[in-house]
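Colleague: Chains as they are written, first to last, in the UniProt record's numbering: chain F, 1 to 431; chain V, 1 to 431; chain U, 1 to 431; chain D, 1 to 431.
Heads up, the beta-carbon is just placed ideally off N, CA and C, and yes, glycines get one too.
Protein chains: 4
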Amino acid sequence: MDSSFIEEIAPQLIKWRRTLHALPELGFMEYITTYRIGKELEKMGFQLYIGKDALEENSRLGLPAQADLEAHEKKAREWGVEESWLDQMRGGNTGLVAVWNTGRNGDHVGFRFDIDALPINESADSGHHPAKNEFASKEENVMHACGHDGHTAIGLGVAQYISSRSDHLQGRFTLLFQPAEEGGRGARAMTDKGWLDDVDYLYSGHIGIQSLPVGTIAATTPGFLASTKYNAYFKGVSSHAGINPELGKNALLAATTAANNLYGIPRHHDGVTRVNVGKLAAGSGRNIIPGDSYMEIEVRGGTPEIAEYMAEKATRIIQAAADMHDVSCTIEAVGVTEVVVCDEELIPKITEWCATSELVKEVQPSVPVSGSEDVSFIMNRVQKHGGKATFMLFGTKLDYPHHHPQFDFEEEALLVAVDAYIHILNGGSAI
Amino acid sequence: MDSSFIEEIAPQLIKWRRTLHALPELGFMEYITTYRIGKELEKMGFQLYIGKDALEENSRLGLPAQADLEAHEKKAREWGVEESWLDQMRGGNTGLVAVWNTGRNGDHVGFRFDIDALPINESADSGHHPAKNEFASKEENVMHACGHDGHTAIGLGVAQYISSRSDHLQGRFTLLFQPAEEGGRGARAMTDKGWLDDVDYLYSGHIGIQSLPVGTIAATTPGFLASTKYNAYFKGVSSHAGINPELGKNALLAATTAANNLYGIPRHHDGVTRVNVGKLAAGSGRNIIPGDSYMEIEVRGGTPEIAEYMAEKATRIIQAAADMHDVSCTIEAVGVTEVVVCDEELIPKITEWCATSELVKEVQPSVPVSGSEDVSFIMNRVQKHGGKATFMLFGTKLDYPHHHPQFDFEEEALLVAVDAYIHILNGGSAI
Amino acid sequence: MDSSFIEEIAPQLIKWRRTLHALPELGFMEYITTYRIGKELEKMGFQLYIGKDALEENSRLGLPAQADLEAHEKKAREWGVEESWLDQMRGGNTGLVAVWNTGRNGDHVGFRFDIDALPINESADSGHHPAKNEFASKEENVMHACGHDGHTAIGLGVAQYISSRSDHLQGRFTLLFQPAEEGGRGARAMTDKGWLDDVDYLYSGHIGIQSLPVGTIAATTPGFLASTKYNAYFKGVSSHAGINPELGKNALLAATTAANNLYGIPRHHDGVTRVNVGKLAAGSGRNIIPGDSYMEIEVRGGTPEIAEYMAEKATRIIQAAADMHDVSCTIEAVGVTEVVVCDEELIPKITEWCATSELVKEVQPSVPVSGSEDVSFIMNRVQKHGGKATFMLFGTKLDYPHHHPQFDFEEEALLVAVDAYIHILNGGSAI
Amino acid sequence: MDSSFIEEIAPQLIKWRRTLHALPELGFMEYITTYRIGKELEKMGFQLYIGKDALEENSRLGLPAQADLEAHEKKAREWGVEESWLDQMRGGNTGLVAVWNTGRNGDHVGFRFDIDALPINESADSGHHPAKNEFASKEENVMHACGHDGHTAIGLGVAQYISSRSDHLQGRFTLLFQPAEEGGRGARAMTDKGWLDDVDYLYSGHIGIQSLPVGTIAATTPGFLASTKYNAYFKGVSSHAGINPELGKNALLAATTAANNLYGIPRHHDGVTRVNVGKLAAGSGRNIIPGDSYMEIEVRGGTPEIAEYMAEKATRIIQAAADMHDVSCTIEAVGVTEVVVCDEELIPKITEWCATSELVKEVQPSVPVSGSEDVSFIMNRVQKHGGKATFMLFGTKLDYPHHHPQFDFEEEALLVAVDAYIHILNGGSAI
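1. Which of helix, strand or coil does DSSP assign to F/Y201?
2. Throw me the rounded Cβ distance for the U/A281 and U/L175 pair, which I believe falls under 8 Å.
3. Can F/H21 and F/H144 be called in contact, C-beta distance under 7 Å?
4. For V/G103, which of V/A65, V/V199 and V/L169 has the nearest alpha-carbon?
5. Between the Cα of F/T191 and the Cα atoms of F/V416, F/T390, F/M379 and F/S429, which residue gives the shortest distance?
6. Suppose you measure from the CA of V/H269 to the CA of U/P245; what does that come to, to the nearest Å?
7. For F/T228, which residues from the same chain have a beta carbon less than 7 Å from its beta carbon, with the 5 sequence-adjacent residues on both sides left out?
8. Which of the three DSSP states is assigned to V/I317 in this structure?
9. I need the DSSP call for D/S211, collapsed to helix, strand or coil.
10. Just verifying my parser: in three-state terms, what is the DSSP assignment at F/R165?
11. In chain F, which residues lie less than 7 Å from U/R316 when you measure between Cβ atoms?
12. For D/R274, which residues in chain V fall below 7 Å Cβ to Cβ?
13. Provide the residue span of the beta strand (DSSP E) that contains F/W100, from first to last.
14. Using a Cβ cut-off of 8 Å, pull out every chain F residue sitting near U/N260, in sequence order please.
15. Could you give the DSSP three-state label for F/F409: helix, strand or coil?
16. What separation, rounded to the nearest whole angstrom, lies between the Cα atoms of U/E73 and U/I115?
17. Given that a residue counts as buried once 16 or more other Cβ atoms are within 10 Å of its Cβ, and exposed if not, what is V/Q178?
18. Residues of chain F with a CB under 7 Å from the CB of D/D326: which are they?
19. Hey, would you say F/L55 sits closer than 7 Å to F/R185, going by beta carbons?
20. D/D374: buried (16+ other C-beta within 10 angstroms of its C-beta) or exposed?
21. Given a threshold of 16 other Cβ atoms within 10 Å of its Cβ, counted over all protein chains shown, does V/E7 qualify as buried or as exposed?
22. So what's D/S284 in DSSP terms, helix, strand or just coil?
23. Excluding the 5 residues flanking V/N105 on each side, which residues of the same chain have their C-beta closer than 8 Å to its C-beta?
24. Could you work out which residues of chain D lie near V/S370, taking near to mean beta carbons separated by less than 7 Å?
25. Measuring CB atoms only, is the region 255–267 of chain D touching the region 348–368 of chain D, in the sense that at least three cross pairs come out at less than 8 Å?
26. Would you mind giving the Cβ-Cβ distance between D/E182 and D/L118, rounded to the nearest angstrom? I have them listed as a contact below 8 Å.
27. Could you tell me whether the Cβ atoms of F/H108 and F/V199 are closer together than 7 Å?
28. Are the beta-carbon atoms belonging to D/G92 and D/L63 less than 7 Å from one another?
29. Please compile the residues from chain V whose C-beta is within a distance smaller than 8 Å of the C-beta of F/A281.
30. Where do the N-terminal and C-terminal ends of the beta strand (DSSP E) with F/S376 fall, by residue?
31. Of all Cβ atoms in chain F, is any one closer than 7 Å to the Cβ of D/E246?
32. Assuming D/G236 contacts D/G291 (C-beta within less than 8 Å), just tell me the rounded distance between them.
33. Whole-angstrom Cβ separation of D/L23 and D/K138, contact assumed at under 8 Å?
34. Would you say U/I288 reaches chain V, if we count a Cβ-Cβ gap shorter than 7 Å as a contact?
35. Specify, as a first and last residue, the run of the alpha helix (DSSP H) that F/P130 falls within.
36. Which residues, in chain order, does the region 196–218 of chain U contribute to contact with chain V at a C-beta distance below 7 Å?
Okay, structure coming up:
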C-alpha cells in the first residue's frame, strides 16, 4: 500500500530538509521559512491561512524586539519573499495553517509541525554531516539544532500525500506549521485561534530525543515537563569602578548571584525538576560598574505542582538577589508549557496501523522524555473538546544531544516519519 | 596677559566640546573624532602625524573586532571622513600627533589629551544638560561619560593659542591626541612611537574626578592606580537543558562563579585595591545549557606590588571557576596601566604661573584620586628620559560620578583648563 | 492465629520504644542502646554476639573521634552499662547480632533493625507527642528523628515472638541490630562479618517515609538511591582580618563557594539526583581570616552510574573551590550505600501471608522512595548468595518529615509491623 | 635615670609574660588572668577595683554564653582563684582598675592594657618560640596571638615602677587592665564607669602591628578603623535530604550566600574598608537539610561614614540571603569600635622624653595601621573631656602576622615599652 509514494518523495523530502536547514530562522522571525512552506502547499492545492488569520496575535509570548523583526523582514524581502506575504506576516506573525477538506464525512485530523531554529552557531567540523554536505547554516548563530527542519519537511511530505491521494481519503485535515516552539512561545497563539476546537485526532512528534534506531518509533511520550520561562531585568546604577566603586549598584552581581542560586533550587521528591539560565548579559565596559543586566531563565517540573514550586522558588531567588545588591528587578514571564498526557488508546491503533509499514520496524508503546513542548497547549485543547492526541518519537541515532552545535539526525528518519503518518492516515481516514 | 584670548575662544571651545559630545566614538574607532581634530589643527598650521605615523600599531592593546572596525569605518565614510584619512587610520589606527616648532631654542613641552568615549547609553532625562541643550549622544550605547570630549576641546584651545601666539613662544610643542584611554589601551602605542623621548615637560589632566569648584585646579594627583585588564573566555559544551542537563558543561556558571569570587579578593593592608567585572555575556538561548561565556575584568592596585597581587588572585580565581565547571578557559591581558608619580617640583611652578590667571582661583598642590590612567606610560617614559611630568585636575561640580549615564561637567571648566595651560606655557615657554 | 500475642506485647512495645526514644545515641556510640537490647534478648534466650564478634571492626566507616567515643563510654558506665559489655563494645563496636536455632530443618531467615539516632535537637513543643508524653530526648542535639527507636522496638517484638513460639517454628533466625545506619556507615561492617552468607530470606523495613495510613504496608520499595558521603577539610592560613587581610588564605570562602556550587550540579536525565551539605564549620574568631573549614556532604543517584556522576562532579567542585582560594583540601569518603533492588517474587507471598492479619489492612506491592539505606549492603549480599531480600514500609501519618525536630510516628505502626513480620514468619517458617 | 629599674625588672617581665601566655583566656572569661594581675598589684600597694566596681556591667557587648562562663568559672576555681574574687567577677565581670595617688598635685595619667586572648590553636612547631621554650598555650583553641600577654606584662612593669618610685612622682595614676578587647567588647564598659572623665593624659599602645626593629616606637597611630561586629542567626527548616529535599528551608545556603556576597561589598573611594566572616557554623548532620546556621561578621571603615556604609551594606546582604532561601534571620550587633585620632601635640613630647632612653632607639612620629581597637572609646572619652590621648606602637620583628597560630614577638620589646612609658612618666609626672 502506497510504499511507492515514499520512494517517489524521498529525494524531495531530503531536499526540503536541507534547504530549510541552510537558512534557519529564530522564533517569530520565520518569514522565509513560512513563505517557502506556503508556496509548496499552494502548489499542492491546500487552503492557506497566514499571518493574523493563522494565529491570535496577542497570545504570542516572548516576541523579539521590534528592531530585530524589522531587520529580519528586510532580509526576507532581499531573499525574495513576496511583499503581499510580508504584509501579512509583518511584526512576527509567522507560521501558517493549511486545510484540506475531502468533502466526505469523516474525522477531522490535525497535525502539528514546528518550524523554528535556535540561537546556536552550527559546527563547521568536517565530521558534521551538514557541514560536509554543504547545507550547514548560512546564518551566524542560528541553527536547526533540534530537528525542526526535519519536522517541517515531514509536514510537507504528509501534505503531499494528502493532496495526491485525496480521493482515497475522507474527512478533513488541518496542518499547523507552528512558529516559535523553542521557548514555548507560539503554540498558544495558534490554539487560541480555535484551530483545534473540533479536531478528533491530533498527531505531532519529534525526531530523536532518545537515541533509537531508525525505524523505531514511539506511539506516546510520557514525561514532558511543564515549564515556565522568564526574562529578568536588573536595573542598578553604573559608576566608575576605580574612582567611585561605592556609588555603583551592581546589576551584574545581582544576576550572577541569582544564577548561582537558581541552580541550587532543591530537587523535589515527587518528580523531575529542571532549571536553566540560558542567557546572561551584563554591563557595558570594563571599568564601569554594571548598571544593567539581563537573564533568560527556564524552570520545569514533572507535574504542574512541581512546575509551580520551581517558579515560586525562582522568582523568590531573583528578587532577593536584586535586593541584596540594592538594584531593582523586573521579572517577565515569556513562555509557558503544560504537562502533556498522550491518549493511551492510540497506542494499539498506531501499533496496528504501522504494522504494515516496511519502514517502521518497531512501535514502542511509550518512551519517556524530560523536555518541554508547547504542543502541550495544542494537545490539551484537543483533549478538552473530546478529541484524542499523542506526541510521537521518530528514532534516529544521536551522536550529539539536541541543542549541540553538532546535532544531527539520520535523514532516513524523515522517510520513516512520513510513512508512519501515512499509515495512520490510511488506518483512520481511508475510505 | 592674554586674558582676551580666552574670551575670544570661549564660544568655540564650547562648540567643539558639544560637537564631539554628540558623536562619541569608542577606543580605536575614533575615526570621525580624529578627522575633526585633524582638520582644525591643519587650519592652525600644525604638522600632523596620523595613522601608523602617530602610533606603533603593534603596541595597541584590546583592539575591537575586525567586523566592528569595518562597520565603523563605513559609517565614518558616510559622515564625510576623507578617503585619504580613512586609508591611514584603517584598522583602528586612530588618534594623531600635532607638532609645532617655534624655531627658537627652548624646552620641548608635551601635552596629552585623550579622545575616546564609553559604551554607556546617555541619559535622555530633561535635567541632563546635554539632553536639554540637544547635544546628547546620537549613538546608542556610546557616550562621552568621562569628559574626554572636554579634554579634546581643551587640546584644540591650547593648540589655537600656540598657533596664534607662536611668535611669543620658544622651543617645541608636541600635542598627543590619544585614542583608547578607556581600558588603558592606547597610550603605550604612542609612547612606543618615541614621541616622549626628548620631552622636557609633559602636562596632562582630567576634568572632574573630585567634585571641586570651577576655578580650582590640582597641580598633581597622587594615587593613580596600576591596573591590568583581562578578557576571559570560557568554553564548555551546550546541551538541551531539559533532556540532557548532565551532558552540558556550563560556561555561564563558570563565569558567574568567577565574578562573585573576584569581588571577594581580599583587601590589601598596603594600599588601595579595585576589581570590576565590567561585562559578562553568556549563553545563546533559554533552554540551552550555555557552552560559551565571556567576561571583561579589571583589577587595580595602589602600588605595582598590589596590582600584581590582584592580578595573581584574579587569574587564579578565573581558572579555578573554569575547573569547577569542567570548562576550558582563556585569559587574555588586554590593557595595562602603571602607577603615576607626578613630579612635585612642578607644584610651586604651576602655582606661581597660574597666580596671575583670572580664571584659576586656587591651585591645590595635590588631590588624591583612585582611578587608573594609561597616561602612566607617557609620564613614566618622559621621566625615564629625565623630563618632568604631571597629571592635573580641573575642578567642576559633579552631580553624577564619572561613567554614569548622567555624567556632566560645567563647561566653564574648559576655559579654566585652557587658561591654566596658557599660563603654564607663558611661564615656561614664553620668550 | 496468634493475634493474642500482639495484644499481650503491645504495652511492652510502646514502653521499649519510649525508653529508647528518651536516650538516643549517635552512630557507633549506641552503648546504652545495645546494652538494653542485649539484656532483653538475653532474657528471651537468644545467643548473642556483640562487639567484634558482631561486626568487622575495620569495615566501619566514619567512626566518631576517639575523644567523643571515650566521653560517651564514660557516660554509658554512669548509666549502668556493665563493664564486661563496655569492654567488648569499646571503641565504637556497637550493635549486636542475636541468633535463634529451632533445631529443625528449615530456612535461615534474617531480619535487620537499625538502632542509631540523629544529631537533631528534639522539639519541646507541647504539640509534639514525645514532649507532651514526657519521653522526648534527654540528650541535647541527639534525637530519634528517623524512627529507629521504633525499628528497635519492632525487632524486640519479633524476637519475643520467636522465643515464645519457637516450638511452632522451623529453621534458623538471625536478627541484626545494626549500628550507624545514618550516614551509611554500619551495615558493611556486619555484612563483612559473614552473617548474611547463608540467609535464605532477609526482611527489613522502615516506619513512615511516605505518609500512609496505619495498617498499610509496602511489600517492596523501589527507588532507594546509591549514595556517597564525604567529609571535606580545607586548610588555609589565618591572619588578622583588619591589619593583613592579604596574608590570609580563606578556608571559609573555599567551603562556602563549594557549598553553593555543589547544589548546582546538573540534574541527570536518567534518574534522581540528590546533594546535600549537611554541616559546615569554619573559622575561630570574628576578626581572624578563617584558616580552617570543614564540610559534611552527601550525594545520591537513582542508579550506580548517576551516583558515580554525582561523586565525580562533587569532588571536582570541592577541589576547584580550594584552588580558587589557594587553600589545600582533603576529601575523605566516609560512607556509601548501594542501590537496592527488592525481590519481586516476595510481593505475592507477603501479600498472601499478611491477608489474615487483623492489623495489616492493605499490602501495597511497591511504594517508591528516594532515600538511601545501607541495608543495601545487607540485601545485596543475601541476593549475591542466592537468597531473597526486601525492604518494606510500615504506614503512619507523618505530620513532619523525617529528620525534622518534630518528626513523630503513630505508635500503632509498631503493632502493625510486628504483626506483619509474625505473619511472614508463620507463612514461611511455621511447622 | 632609672635604667637600673629595667635591668632589675627584665626577668620578671618575661616571666609574667610567659605565665600569662601559657594560660590564655577569651574575652570576659579572664578570671585567672585578672586574679593573677590583681594579686601582683595588691602586693605593690595599688588600690584595686574589680568586678562591677571596675566596669559597667550593662555596657559589655558580646558576652559569652552563660554555660561557657560557668564552665570557665569552675576551671578558675580549680586553678586556685579565691572564692571572694570569683564572687565579684562572676558572670563575666573580668578585668580590673588599679589606682595610685601620690598625694601630690599633678596630672591624672591613665594607662590602658588589654588582657584577653583569641580562639586560635597555638602552633606546636618547634620553630615557634613559645613552643620551643615551653610556655605555649596549655588551652586548646585559645592563644595569645595578638600580644596582649605582653601588654599585660608591660602594665605590671609600669605599675611596679609607679609603686617603687612613687616618692619621685606627682599626681594620680589609673591603670585599666581591660577585658575583651578582641571583638571591641570591653572598653565601653570601663569607659561608661567613668574612669576616664578627668584623665589628663591617656597612653595605650600595641606590640607589633607593623614589623619594626626592637627599639623603634611610634608616638601616634593614624588609621585605626571604625568597626561594627555582628552575629547573624539564620533559622530555616530541616528535612531529610534524600526523601523530602523540597520541604527544607536551607539555612546553610543562606549563610554561604551571605558570606560570598559580603566579601564583595564595593570598596570605597574615600578610605579603607574591611569585611570578614570570621566564623560560620551550619547544620547538624550529613543527610539533614540544615535548619540553622550562624555567622560572626565584622566590617570596618577608615571613617565613621565608611563604617556606616559597610554596616548598611552588610545587613542588607544578610537579610537578602535569608529571603533568598526563605529562612528567617536575626542580626545582632555585638561589638563596636570608633575611629581613633591621636593627639599630635604628644608627638614632640614623647619624642623628647624618650630621647634619653637607652632602649628606645627611634621614635617615629606616626605609623599608620589598619586594625580596629576599642581603645577608641577610651581615647574619645578622654578627649571629649579635654584630655590628650595617644595609641603607640612598640616595634618588634614579626615573622608571622597577628592572629596567626605562629604569631610571636621579640621579648625585648617588653623592656622597650616599659622604658618608654617610664620616660613618659618622668617627663610628665616627675617631681
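Modeller: Taking the structure as given:
1. strand
2. About 38 Å; that fails the 8 Å criterion.
3. yes
4. V/L169
5. F/M379
6. 7 Å
7. V299, A307, A311, A333 and V336
8. helix
9. strand
10. coil
11. Near U/R316 there are no residues of chain F at all, since even the closest Cβ is about 15 Å away, more than 7 Å.
12. R267
13. L96 to N101
14. N260, N261 and G264
15. coil
16. 17 Å
17. buried
18. R316
19. no
20. buried
21. exposed
22. coil
23. Q170 and G171
24. H269
25. no
26. 6 Å
27. yes
28. yes
29. L280, A281 and A282
30. Note, F/S376: premise wrong, no beta strand (DSSP E); alpha helix (DSSP H) at V375 to K384.
31. yes
32. 5 Å
33. 6 Å
34. no
35. H129 to K132
36. none
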